[in-house]
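Worksheet for the structure shown next.
There are 4 protein chains.
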Amino acid sequence: MNTFGHRFRLAIWGESHGPQIGVSIDGLPAGIPLCAADFEADLARRRGGAAGTTPRREADLPQIVSGLREGHTTGAPLTVCFANADTRPSDYAAFADHWRPSHADRTARVKWDGRNDPRGGGHFSGRLTAALVAAGVVAKKCLPDVRFETRLAEVGGETDPARFDRAIAAAQRDGDSVGGVVECRIAGAGTGAGDPFFDSVESVAAHLLFSIPAVKGVEFGAGFGGARLRGSAYNDRIADAAGHTATNHDGGINGGLTNGNEIVVRVAVKPTPSIAREQLTYNAASGRMEPLAVGGRHDVCIAIRAAAAVEAALAIALAELIL
Amino acid sequence: MNTFGHRFRLAIWGESHGPQIGVSIDGLPAGIPLCAADFEADLARRRGGAAGTTPRREADLPQIVSGLREGHTTGAPLTVCFANADTRPSDYAAFADHWRPSHADRTARVKWDGRNDPRGGGHFSGRLTAALVAAGVVAKKCLPDVRFETRLAEVGGETDPARFDRAIAAAQRDGDSVGGVVECRIAGAGTGAGDPFFDSVESVAAHLLFSIPAVKGVEFGAGFGGARLRGSAYNDRIADAAGHTATNHDGGINGGLTNGNEIVVRVAVKPTPSIAREQLTYNAASGRMEPLAVGGRHDVCIAIRAAAAVEAALAIALAELIL
Amino acid sequence: MNTFGHRFRLAIWGESHGPQIGVSIDGLPAGIPLCAADFEADLARRRGGAAGTTPRREADLPQIVSGLREGHTTGAPLTVCFANADTRPSDYAAFADHWRPSHADRTARVKWDGRNDPRGGGHFSGRLTAALVAAGVVAKKCLPDVRFETRLAEVGGETDPARFDRAIAAAQRDGDSVGGVVECRIAGAGTGAGDPFFDSVESVAAHLLFSIPAVKGVEFGAGFGGARLRGSAYNDRIADAAGHTATNHDGGINGGLTNGNEIVVRVAVKPTPSIAREQLTYNAASGRMEPLAVGGRHDVCIAIRAAAAVEAALAIALAELIL
Amino acid sequence: MNTFGHRFRLAIWGESHGPQIGVSIDGLPAGIPLCAADFEADLARRRGGAAGTTPRREADLPQIVSGLREGHTTGAPLTVCFANADTRPSDYAAFADHWRPSHADRTARVKWDGRNDPRGGGHFSGRLTAALVAAGVVAKKCLPDVRFETRLAEVGGETDPARFDRAIAAAQRDGDSVGGVVECRIAGAGTGAGDPFFDSVESVAAHLLFSIPAVKGVEFGAGFGGARLRGSAYNDRIADAAGHTATNHDGGINGGLTNGNEIVVRVAVKPTPSIAREQLTYNAASGRMEPLAVGGRHDVCIAIRAAAAVEAALAIALAELIL
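Chains as they are written, first to last, in numbering that gives the first Met the number 0: chain A, 0 to 322; chain B, 0 to 322; chain C, 0 to 322; chain D, 0 to 322.
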């Protein structure tokens, strides 16, 4: 449900257009230095502002309401809240019956008999990733030796970063959106993190990654490409006592355990489902297919902002497995 | 660790060459009809025997040692054991220091200070998927309206099933192995299964899928291919009040909840790491790179047998989310 | 840790003298009617104000910051926060080294290397039971057919309620405190709630009850008194098809499952450890036994206010087992 | 349900008269020395044989079927099975409709619509405590510095051990049974074990203790007696930097955390509900109150054998909190 983890345990709450979103983190060691400014860089990456990201602007000032004293964690749950300020709930009134394609409007309505909060996607909104990113910041503070490097690896099928802006601008001009792939490389996670049978590094990481809205694929190392190789080409031969390998098709994980090489993860993010163009889709009020115009403020390429959430999910996964 | 689930709860144990593997399943409704013969078809698919699968032969007779009375579940934990009969532990003595590439020999040794059972991969062996497949059989019995259709979608890069045997035979001839992709399509799962934020259908399914040895990628619907599309091409427009869509790029899942369309999952399985050809890799006993010959009995294409485990993992995920 | 439950899942946070305490509740059905006023009666019982309770006064206005729309639960996590207003942290500065007897000052300090928040007991404060009581209110809303009747059964060894005030007044006059026993009787819980082996009604209830500060004993039905009986006197003979029994020594629970009779629970609450009289106890700063005067504002009989927390814990236990 | 714990995780299964009971333990460190003989002493205590215990005789030979290699734990789940040999299922046929007083016959039947295994109490049988005791043996192996001392503190209201045999013999002569109290004292658990808010030592221990059939009360330190004291008499004044206290009314636990003093737990065990004398109770087959004769083989004082289970539960609780 809305909690995750045994050792680094999160509870997350909030809706896109409610008063507040937040996260409470349990299992933290005492004495980790932490302050509100530590959250700024990752929240800024998530917040967007670049071409292709939503014009919705939230100050995203984290309020730490428990678990911190004199600039250090206390060992009690650390809770971080974000007030929702820039809400425009009226943008979303129309979708109660005229469900947006590839959105959760209909599934959420069916699941909760129409009692769910539909405004801005409610609890399904990407807005909740601010809480995930905040938890990721705390996770990284707990893992000072682990280094994360996250980048956009694909935009709309382009793999050359020089072409990303162009692809986004073209989609925006057409009232459209584009998908992308986020890649994260992690060094310093050591050897032996992960637990058989069910809590492989891949399992725990993918569990968290697929909780990020719009993520539809996760692969480690060579992933789907590796499935096309022969063993003689794929196998990562070990080069020294520390387990370093010349190739890294396994993405730093063997038997579900980190092997000391770089962890490599790639995450497929679908194109933003909200697009400026009209879409012909079923309207339950009229019982007919009707053109739907999705107003509101949306990202052209949600993968740009998802990168911060991907990195946070991976940091949380490692904190869960290493702490 | 070796338990999974809240509502349909598994505990799994055993080693490749120990006396027994088994699984205990908690949370089952009482009154589900079940007998040993129900396990046969799926266990046979996992057991292999076709070209490209291991010559190791286990009778795989499931012993139901608790939770069943007069052919029905009782509501108490149902436990299924399999004796390991055809074990040849001496096959594996050499790998204590001369670690097999892309295997868990070294990571397991480091994690447990050499106390792990290394014989046949020990607890990391694909042998444990027999227990997973058994749990999947029980999960499917609990979901009589859900239908699973699982097939090999790729072998060694080939997507035309007519070419699969040829690819396998060629690899075998070369003392090599090939990877593959397994695809599962699921009908009848209804609308609204899955839980935000962390327990999306994708999250729970991927968690289980990545616990299967050799799985390195998971995608839903259009997955990585969908990340190359624009929203106008990707979006699944809704066609009727039941939520049917003309296209199914989202693979039957919106906002982490089933939407009533077919669930479509693709799983990347790496080439079997054990190959007949010698591999030059580090030997910790000598401190030198040395050729390693992996004896034992191995699959040329582990994806063939993984298909049964993939289907089982998905059945367990749905039982966890629907029961 | 600070989360509890699988089906009715709580995460709790806060410190006595921090900015806020709160609770997030997951697993709630959608459509439960709820408003801030629903919390008032139980919070008032917990807040005290009668003779023998602390003069600390908190307005205890619950702020519902997620999971509610148009007066009903949405199915997403419901989060309730309470601002801490009437804090006087300086009251507690002295106890860093001169640990209060029968308090957590020393154990918390050792556990978290002095990083814990010691002000007012920090995370160990009875203040957190406001969050527990709030969760209990929500649990009771989910169980409209279950009725709870909670009373003070003993104060300082007195079992006649007419003598309770006198016992408290006498202790207060002496600068002392008294313990007590809280009894809760629950009707309408039906037959068959509870799960073997580990999640008996008694197990889940006791787990929650013993999380309430100052609780040192829990018994069901005849409890410790029943252990002095013979089976012929103890056994609750069944009187009809609905399972009603003439006696109720088992307190409404057989084999860990509710049996349809009244659930009867008794909870031992120790005397408030903070007393007005000086206590000779070790001072780590001086390395000597020294008289300790505990200032601050304290209850003479914490059992009075614990009653609301006891009822809340039992409501949460039943929600976890019945929902 | 039938699993417990996050760090020292148990899954338990089996029925009184099925083929097998067992337990799988996850989270064990690798390298703990263990052999079948280690189980003998505690299983013998549980098995009984003394005056007042059941004449049912099980060899109780533990079969370790996973997780052990060369006499040490491997880090993978350790699974211990016990075959049920001395079963006489026909003893129990009569209770399907003529429910035994203070037994789970009726509650289990209602919960699982008559699909439960009623033979010998099925999954509710005290037989399953053999699996609990086995897990306790393993837990104690993981806690080499912790010492447990468990004794019968009361039998049928007698507190002088010299009178226990007499009380049991008198009850047996009368075709009756008696209850008792088990006391366990634990040294060496250190300071700071336990977790706020929900996982206090008392919470985790009581959760496990109340899963033992026939346990109806649990108290720590002075417990219910302490609730009759004043704070000035109850408070455990600290005597030195290590936190030793002259008195130990808190039973070694403050704020839910161990304080370094002896942990003292007392457990109320009800009289064995199966007695030789006839009991007049409702028969659902006839719709009338009718005399019920409970055959089978039963303990006069189940508290004698429960002592081993009590100690096991406490060892498991500490393993969960300390490992």
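Ideal placement from N, C-alpha and C gives every residue a C-beta, glycine not left out. Just so we're clear, the structure is a prediction, and the values are computed from it rather than from any experiment.
By the neighbour-count criterion, in which a residue is buried when 16 or more other Cβ atoms sit within 10 angstroms of its Cβ, residue 272 of chain D is buried. DSSP places residue 20 of chain D in the uninterrupted beta strand (DSSP E) bounded by 19-25. Distance from residue 275 of chain C to residue 180 of chain C at the Cβ level is roughly 23 Å; contact not present, criterion being Cβ atoms closer than 8 Å. Shortest Cα-Cα distance from residue 321 of chain D to any of D:144, D:284, D:2 involves D:144. Per DSSP, the beta bridge partners of residue 71 of chain B are B:32, B:68. Annotation: residue 155 of chain D is outside any beta strand (DSSP E) and is labelled neither H nor E by DSSP. Think of a sphere of 8 Å around the beta carbon of residue 16 of chain D: no beta carbon from chain C falls inside it, the nearest being about 16 Å out. When A:39, A:105, A:277, A:198 are compared, the shortest CA-CA separation from residue 240 of chain B is found for A:105. Across the region 2-31 of chain A, CB contacts with chain C closer than 8 Å involve 2, 8, 10, 11, 12, 13, 14, 17, 18, 19, 20, 21, 23, 25, 26, 29, 30, in sequence order along the chain. Counting along the chain, the unbroken alpha helix (DSSP H) around residue 135 of chain A starts and ends at 128-141.
DSSP lists B:258 as the beta-bridge partner residues of residue 190 of chain B.
Using a Cβ distance threshold of 8 Å, residue 5 of chain B and residue 32 of chain B do not count as a contacting pair. With a cut-off of 8 Å on Cβ pairs, the region 212-223 of chain C is in contact with the region 117-127 of chain C, counting three or more such pairs. With fewer than three CB-CB distances shorter than 8 Å, the region 74-82 of chain B does not count as touching the region 11-31 of chain C.
For the alpha helix (DSSP H) assignment, the uninterrupted runs of no fewer than 4 residues enclosed by the region 180-228 of chain D are, from N- to C-terminal side, 200-208, 222-225. Close partners of residue 122 of chain A in chain B (Cβ separation under 8 Å): 195, 196. Separation of the CB atoms of residue 131 of chain B and residue 318 of chain B is rounded to 13 Å, and the pair is thereby denied contact status at 8 Å. By the criterion of at least three beta-carbon pairs nearer than 8 Å, the region 229-240 of chain B is in contact with the region 171-178 of chain A. Among the bridge pairs identified by DSSP, residue 288 of chain B is matched with B:281. Against chain A, the CB of residue 192 of chain D has no partner CB under 8 Å away; the residue lies outside that interface.
Note that the C-beta distance between residue 149 of chain D and residue 257 of chain D is not below 8 Å.
Under the Cβ criterion of 8 Å, residue 62 of chain A is not counted among the residues facing chain B. Annotated as proximal: residue 135 of chain B and residue 314 of chain B, with beta-carbon spacing under 8 Å.
When C-beta distances to chain A are compared with 7 Å, the residues of the region 225-239 of chain B below that value are 225, 226, 227, 228, 229, 230, 231, 233, 234, 235, 236, 237, 238, 239, in chain order. Put simply, the backbone Cα of residue 253 of chain C is about 14 Å away from that of residue 203 of chain C. A Cβ-Cβ distance of about 5 Å is found for the pair residue 270 of chain A and residue 233 of chain B, placing them in contact under the 8 Å criterion.
The C-beta separation of residue 2 of chain B from residue 10 of chain D comes to about 6 Å, placing the pair in contact by the 8 Å criterion. By the Cβ neighbour-count rule, residue 287 of chain B is exposed, with fewer than 16 other Cβ atoms within 10 Å of its own. Between the alpha carbons of residue 99 of chain A and residue 283 of chain D lies a distance of about 57 Å.
Within the same chain, Cβ atoms closer than 7 Å to the Cβ of residue 207 of chain B are found at 3, 312, 315, 316, the five residues on either side in sequence being excluded. In the structure shown, residue 9 of chain C falls within a strand segment according to DSSP collapsed to helix, strand and coil. Here residue 150 of chain D carries a strand assignment [DSSP, helix/strand/coil]. In the three-state reduction of the DSSP assignment, residue 237 of chain C falls in the strand class. Check the Cα spacing between residue 303 of chain C and each of C:67, C:182, C:112, C:146: the tightest is with C:182. A Cβ-Cβ distance of about 5 Å is found for the pair residue 298 of chain B and residue 53 of chain B, placing them in contact under the 8 Å criterion. By the neighbour-count definition (other C-beta atoms within 10 Å, threshold 16), residue 47 of chain B is a buried residue.
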